[in-house]
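Trainee: Below is one structure. I have some questions about it.
4 protein chains.
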Amino acid sequence: METWRTAIVDAGPDHIRVRGHDVLGLMRAATFTDLIFLLHHERTPTAAERRLVDAILIGSADHGAGAPSCAAARLALSGNRQSPSAAIAAGVLTIGDEHGGAGSSCMDLIAAGLERARREALSFDTAAARLVDEARAAKTRLPGFGHRVHSTNDPRVDVLFGLAEEHGLARDGVGFIRALERAVRERIKPIPINVDGALAAILVDLGFPSIVGRLLFIVARVAGLSAEVLEEHSREKPMRIRIPVEYDGVPPKDNC
Amino acid sequence: METWRTAIVDAGPDHIRVRGHDVLGLMRAATFTDLIFLLHHERTPTAAERRLVDAILIGSADHGAGAPSCAAARLALSGNRQSPSAAIAAGVLTIGDEHGGAGSSCMDLIAAGLERARREALSFDTAAARLVDEARAAKTRLPGFGHRVHSTNDPRVDVLFGLAEEHGLARDGVGFIRALERAVRERIKPIPINVDGALAAILVDLGFPSIVGRLLFIVARVAGLSAEVLEEHSREKPMRIRIPVEYDGVPPKDNC
Amino acid sequence: METWRTAIVDAGPDHIRVRGHDVLGLMRAATFTDLIFLLHHERTPTAAERRLVDAILIGSADHGAGAPSCAAARLALSGNRQSPSAAIAAGVLTIGDEHGGAGSSCMDLIAAGLERARREALSFDTAAARLVDEARAAKTRLPGFGHRVHSTNDPRVDVLFGLAEEHGLARDGVGFIRALERAVRERIKPIPINVDGALAAILVDLGFPSIVGRLLFIVARVAGLSAEVLEEHSREKPMRIRIPVEYDGVPPKDNC
Amino acid sequence: METWRTAIVDAGPDHIRVRGHDVLGLMRAATFTDLIFLLHHERTPTAAERRLVDAILIGSADHGAGAPSCAAARLALSGNRQSPSAAIAAGVLTIGDEHGGAGSSCMDLIAAGLERARREALSFDTAAARLVDEARAAKTRLPGFGHRVHSTNDPRVDVLFGLAEEHGLARDGVGFIRALERAVRERIKPIPINVDGALAAILVDLGFPSIVGRLLFIVARVAGLSAEVLEEHSREKPMRIRIPVEYDGVPPKDNC
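Chains as they are written, first to last, in our numbering: chain H, 45 to 300; chain U, 45 to 300; chain R, 45 to 300; chain X, 45 to 300.
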């Protein structure tokens, strides 16, 4: 097999470098968030960028043991107690379009809107109105808007937008999702931006492609899954979790 | 990287062979169970061996959607609907020492007993009595005995042992677990052999090492997981599963 | 949480039933392939259907240790030797649109073609020609056609179609993929139906929805992954697999 | 099913709290490493503790695309391109006793040595000498010592111990591994402490149980896996990775 190429890590015999940066120097002075940014962005962050990425990672790490990712990790540890990797992996596998995926979908939506505004020389409000009308016509949901629990306002949204504005990092991504929010209010009804929408707008403004929305959610959530696994391991007995099931299929058959 | 060696499959340009057998010939005349046996045993089974392996695979495939493996697969599909592989993998990851692992542990126990009887020239009853006494002294459970649900008798055990005897395949493995059952009854209390114990004894008699006990459980259970995933996908909505959680940790803190 | 409903398994305290069938009876007389069919189809197969499903499962189980699924399973076992479940799950996770996914994509294509022929009252050849023209215009590949290795003809295709015809099970699915093959030859160039296409056509004729194409590939491949894991475990040392990588990114930087 | 209890996250309708701390406050002012520490330790770290955990996470995040975890993640993405979760999970599944597990094994060793020194009122040197003699007698390797690549000295070890001493956090864990290093040199031959040993000693001194050694390695490595997945997705084609395999099994057989 030919040798793989890679641009990320140079794991030489004496030094490990990440995108050219000496890992020893990073170990002495950088934060884990600096490294996460560098691994996904090709440079280390400014202090303002670091603050925002820290806020996003903290806000996504854990939403309670009843979320599908945490419940799956605990179920796996419950049956397969020797393998914390298996439990964390089971949790990661529940993350997809429906769970943890709204952020990257909203990044796609914002990117499409910004591209359309630029290409067709539209104002953000006009481009946003068209996207909202198209979503209504197609009867698709707008990712980044609405929440089952926070029917009025998710307080994490205010924190994220407040930090972005305070640090001068609210740019076209934040601008465009605000335009979407206005278009939704005028054309449908007031639906608040949710935390997926807020982090999507900010990640666009930090220069990340939309797949990074999903990847950073996974990186953040693994910290929470790891803690759930630690608690399940130290507090609970194996096989404690049984889910009651009711059979509603065909009645018994006489068979061979 | 050096080339990997393998003894299993010769995937040449025109023919795929499994342990020397032409896959085209197998496709025409063999059963999937023949192939599973061949992949794990180096030859195809006799008709009697095939019957027993079919019975073991059928008996292990699915025990209901509330079992940890099935529940984890459904949770994963619920959040990550695009990926049936992720859901099946999440289910597989719950399988470990506590869930689906008793079969291979019981195979280890039987193998240790048979080795000891041979090496120390003991009768099966004497060797079994020593193992039972040691387990009592160490306060460890004997894998393959007892069941949460079937407090008296698991009917699958009778079917498996009946098939083994009818086909002349009940040998030292079945003989030794019967000796263990007698020793348990005399030294502790009557505890029935469970389905893990029955399949362990039979897999020993079929010549499989103990890791195969776990592997065949996974092969069988994946058929059930696949069906659970199909049902979840066709009947249920995304993110339907929320598990109620009660927080019993420290009270709110004033923090930065 | 409300109780889950399920139609598949009734795991009562004394009997396990699958879609109403007594598992004890199945253990005595059915094959594992019968159970797989029942779990995904709501009834047990005829002898002819069983033969075809056996052929499909055997033909998909293992294509050699260099395939992504097998390589990933061996890599996982190499680092995480205590967990056969983790290794098999890692192998399953490589299965997606690009690896093992052509079967279900081809089932979608055939289903779309059959629906169009019916709705627009077209002959199979006309409907197939339109699908081929649309794929050319969109520059998308036709799943189920062509192969990297078997540039002329995959012998498994002849076996599968031969079995289907011999048993009287070659119906509209096989008929439509033949029409597609003719349309490809006339409008592009002769490209043979590959094994994914053959099994797709047959699974359509057996009445399965397209997601089952992917699920049965996973069920089959897990048997092969299990054997690869067994061989890696018994023949190879931990951490034997290292892949040579060449760094082609930015040069060393002076950093903090 | 009874409600699950949890001590970690209180995901109420208006506020998410982690171990009593308001997530909004953490988002404004804490680092992701603070949250990781809090999730696994019940309180937020001091500045010195944060520095050490950052160094450990940075030093473990990525060792190049040829490591089993990264290779498995890239293989999975190569076949299953729609699912970054599946690729990251496949990478996590390679982490076990042999890959990434030496840290927690070394934490167990240090904990056993400290407990023995305390209980039997031995000096660290005497307790370490006994552990080394026992490992020699049992022919087991001492986790945390020696390295395939860095035959003399891994520079990350000096950085980690330097930071621990500079910040006044080198306590009994570091003291005991130094005693082990002396005992190894006197009783076997000079074998340097490796990076797993250094981080094990420091994690013991930070008050973590040994399972956290494995969990933090996973948390760190997921950041690297995520970046490898991003690079594979943006730079490489699907199914690019084929591993050459040589069949060394039985010759072709005439079979049915």
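For glycine and all other residues, C-beta sits at the position ideal for the given N, C-alpha and C.
#1: With a threshold of 16 other CB atoms inside 10 Å of the CB of U/N197, please say whether the residue is buried or exposed.
#2: Under three-state DSSP, which class holds X/G157?
#3: Between the C-alpha atoms of H/F261 and H/L101, what's the straight-line distance to the nearest angstrom?
#4: Do U/N124 and U/A115 have their C-beta atoms closer together than 8 Å?
#5: So, is H/A181 buried or exposed, given that buried needs 16 or more other C-beta atoms within 10 angstroms?
#6: Out of U/L83, U/A264, U/M151, U/Q126, point me to the one whose CA is closest to U/L186's CA.
#7: Please list the partners that R/F76 has in chain U, where partner means a Cβ-to-Cβ separation under 7 Å.
#8: Is DSSP giving H/G69 helix, strand or coil here?
#9: With a threshold of 8 Å between beta-carbons, can U/N124 be considered close to chain X, or not?
#10: Roughly how many whole angstroms lie between the Cα atoms of H/H194 and U/L96?
#11: Would you tell me roughly how many angstroms separate the C-alpha atoms of U/A179 and X/G103, rounded to the nearest one?
#12: Between U/L158, U/P128, U/A146, U/A105, which has its C-alpha nearest U/V273's C-alpha?
#13: Over the uninterrupted beta strand (DSSP E) stretch that includes H/I60, give me the two end residues.
#14: Examine chain R for any beta-carbon lying closer than 8 Å to the beta-carbon of X/H194, and answer yes or no.
#15: Listing by chain order, which chain U residues have their CB less than 8 Å from the CB of H/M283?
#16: For R/A242 and R/L259, I'd like the C-alpha separation in whole angstroms.
#17: Closest Cβ-Cβ distance between H/P288 and chain U: below 8 Å?
#18: Are three or more beta carbon pairs between the segment 244 to 257 of chain X and the segment 204 to 219 of chain X nearer than 8 Å?
#19: Between the alpha carbons of U/G190 and R/H59, how many angstroms are there, rounded?
#20: Going along chain X, which residues have a C-beta under 8 Å from R/L274?
#21: Taking the alpha-carbon positions, what's the R/P27 to U/S270 distance?
#22: Can you give me the start and stop residues for the beta strand (DSSP E) that R/R87 sits inside?
#23: Quick check: the Cα distance between R/E275 and R/I154, rounded to an integer number of angstroms?
#24: Among H/K297, H/R265, H/R87, whose alpha-carbon lies nearest the alpha-carbon of H/T138?
#25: Output the distance between the C-alpha atoms of X/T50 and H/G268, rounded to the nearest integer angstrom.
#26: Just grab the DSSP bridge partners of U/G56 for me.
#27: Look up U/G257 in the DSSP assignment and say whether it is helix, strand or coil.
#28: With DSSP collapsed to three states, give me the class of X/E164.
#29: Within 10 Å of its beta-carbon, does R/G251 have 16 or more other beta-carbons around it, so buried, or fewer, so exposed?
#30: By Cβ distance, which residues of its chain are closer than 8 Å to U/E86, with the 5 residues on each side in sequence left out?
#31: Assuming the contact rule is C-beta atoms closer than 8 Å, R/P296 and H/R61 should be a hit. Round their C-beta distance to whole Å, please.
#32: For X/R231, which three-state DSSP category applies?
#33: List, in order along the chain, the chain R residues whose C-beta lies closer than 8 Å to that of U/G147?
#34: Kindly say whether R/I255, judged by its beta-carbon, lies nearer than 8 Å to any beta-carbon of chain X.
#35: Specify, as a first and last residue, the run of the beta strand (DSSP E) that R/E290 falls within.
#36: Which residues does DSSP list as the beta-bridge partners of H/T50?
Mentor: Walking through what the data contain:
#1: exposed
#2: Of the three classes helix, strand and coil, the one that applies to X/G157 here is helix, per DSSP.
#3: Their backbone Cα atoms lie some 7 Å apart in a straight line.
#4: Note that the C-beta distance between U/N124 and U/A115 is not below 8 Å.
#5: exposed
#6: Out of U/L83, U/A264, U/M151, U/Q126, U/M151 has the C-alpha closest to the C-alpha of U/L186.
#7: F76, T77, D98, L101, I102
#8: helix
#9: yes
#10: Per-residue confidence for H/H194 stands at a pLDDT of 49, beneath the threshold of 50, marking its modelled position as unreliable; the derived number appears in the next sentence. So the alpha carbons of these two residues sit roughly 56 Å apart.
#11: 44 Å
#12: U/P128
#13: Taken as a continuous stretch (DSSP letters only), the beta strand (DSSP E) holding H/I60 covers 60 to 62.
#14: Confidence is the limiting factor: at X/H194 the pLDDT is only 49, short of 50, which leaves the residue's position unreliable, though a coordinate-based value still follows. Taking Cβ atoms only, chain R never reaches closer than 8 Å to X/H194, which makes this a no.
#15: P112, E142, H143
#16: Counting only the Cα atoms, R/L259 lies some 16 Å from R/A242.
#17: yes
#18: Cβ pair count under 8 Å is three or more, so yes.
#19: 17 Å
#20: Neighbours of R/L274 on chain X: none; closest Cβ ~13 Å, over 8 Å.
#21: Residue 27 of chain R lies beyond the stretch modelled for chain R, which goes from 45 to 300, so this question has no answer here.
#22: Premise fails: R/R87 is in no beta strand (DSSP E) and is neither H nor E.
#23: For R/E275 and R/I154, the distance between alpha carbons rounds to 38 Å.
#24: H/R265
#25: Spanning the two alpha carbons is a distance of roughly 12 Å.
#26: U/G56 is not bridged to any residue.
#27: helix
#28: coil
#29: exposed
#30: For U/E86, where only same-chain residues beyond five positions count, the Cβ hits under 8 Å are R63.
#31: 6 Å
#32: helix
#33: Within 8 Å Cβ-Cβ: nothing; U/G147 doesn't reach chain R, min ~12 Å.
#34: No, because no Cβ of chain X sits closer than 8 Å to the Cβ of R/I255.
#35: 289 to 291
#36: R/Y291
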